[in-house]
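What follows is a short report on a single structure.
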Amino acid sequence: MAHHLVIPHDDAPAPHEEETITYCSQFYCVETYFTKSEGPGNIMRFLDHVYPTLESCPSYVCIDKACVVLKNAVLNGAWRIWSLTTRFIVDSYHYINHRTTDYTCRKWCNPAPLNGSAPNLVVVENDIHGRPHYKRAFNTQACKQLNAWRGGFQSILNRMTVVNFNWTIHALLFIHTQKVIKKQLERDNNTKDDKDMRDEESEDSEEEEEEEEEEEEAADEFDR
421 MAHHLVIPHD DAPAPHEEET ITYCSQFYCV ETYFTKSEGP GNIMRFLDHV
471 YPTLESCPSY VCIDKACVVL KNAVLNGAWR IWSLTTRFIV DSYHYINHRT
521 TDYTCRKWCN PAPLNGSAPN LVVVENDIHG RPHYKRAFNT QACKQLNAWR
571 GGFQSILNRM TVVNFNWTIH ALLFIHTQKV IKKQLERDNN TKDDKDMRDE
621 ESEDSEEEEE EEEEEEEAAD EFDR
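With my numbering, letter number 147 in the sequence shown gets 567, and the count goes up by one each step, no holes.
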């Protein structure tokens, strides 16, 4: 009679809370918190839990419903404390669709204001012709893009115990981070190679122009 070895992966699925993932530089921060509703009140309680002191509070909190969370924080008095350290901003997609109808969103939650109120959110970058232009300093869609990628593993993650789930999600995020960093390095190297090639072409063009001028001067002298 064959015996089936039950491994933890086959155990009954543990109750999972909603997962919130934020992308910060080269590191992923994973926190499971919302069990029922991702309302503004629950979001504020989540932020108070993650950042319990003024010293730990971030400069920016980016969330698609930041304008709603901001209004809630103002109404319940929490904004008096949070305003000392943090600015709530929406993601760029939300801002495009919301800025014309919501003054609070447009005024206080702009992810890339050009009025100088949040210089860390906007950088100046040169295009391939060397012309400067403004650019968002951060990809505010990173979390949604990451969740879309992680969705491919959803069916297997749902069957895991809490311990296996936590290990697997961190392993996946680590691997994903390494791939992202590799792509960034390849992009930067390609950009540098393109620049070097353009510089070489420019130098060759200048040399050709100088040779043509020298030939013209030599021809003029011969004619004289």
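We put the CB at the ideal spot given by N, CA and C, even for glycine. Since the structure is predicted, the reported quantities are computational estimates derived from the model, not experimental observations.
On a CA-only basis, which of the options is nearest residue i? Give me that one, please.
i	options	result
P460	H549, A486, I601 and T520	A486
W569	N492, L504, H596 and C482	H596
A498	D522, K555, Q561 and R465	R465
S476	I516, I501 and Q604	I501
I575	R607, E606, T588 and K564	Here residue 575 is Ser; the residue named in the question, Ile, does not match the sequence. For S575, the nearest C-alpha among the options comes from T588.
My assumption, with CB atoms under 8 Å, is that residue i sits in contact with residue j. Please give the rounded CB distance.
i	j	result
A532	V542	5 Å
C529	F508	6 Å
Return the chain-ordered list of same chain residues with a C-beta closer than 7 Å to the C-beta of residue i, the five sequence neighbours on each side being excluded.
i	result
D484	V510, D511 and H514
Q561	D511, S512 and Y513
For residue i versus residue j, is the C-beta distance shorter than 8 Å?
i	j	result
F573	L593	no
N481	T506	A quick correction: the sequence has Val, not Asn, at residue 481. Yes, Cβ-Cβ distance for V481 and T506 is below 8 Å.
I463	V494	no
N535	S479	no
L474	L504	yes
Given residue i, which residues of its chain have a CB within under 8 Å of its CB, disregarding the five upstream and five downstream residues?
i	result
T524	C487, L490 and K491
V426	With a pLDDT of only 41 at V426, under 50, the local geometry of the prediction cannot be trusted, and the value read off the model is given with reservation. The answer is none, since no qualifying residue turns up.
N546	P552 and H553
T520	R526
H549	none
D522	C487
In chain order, what residues of the same chain lie with their CB nearer than 6 Å to the CB of residue i, ignoring the 5 residues before and after it?
i	result
N567	none
R556	A532
A538	none
N496	none
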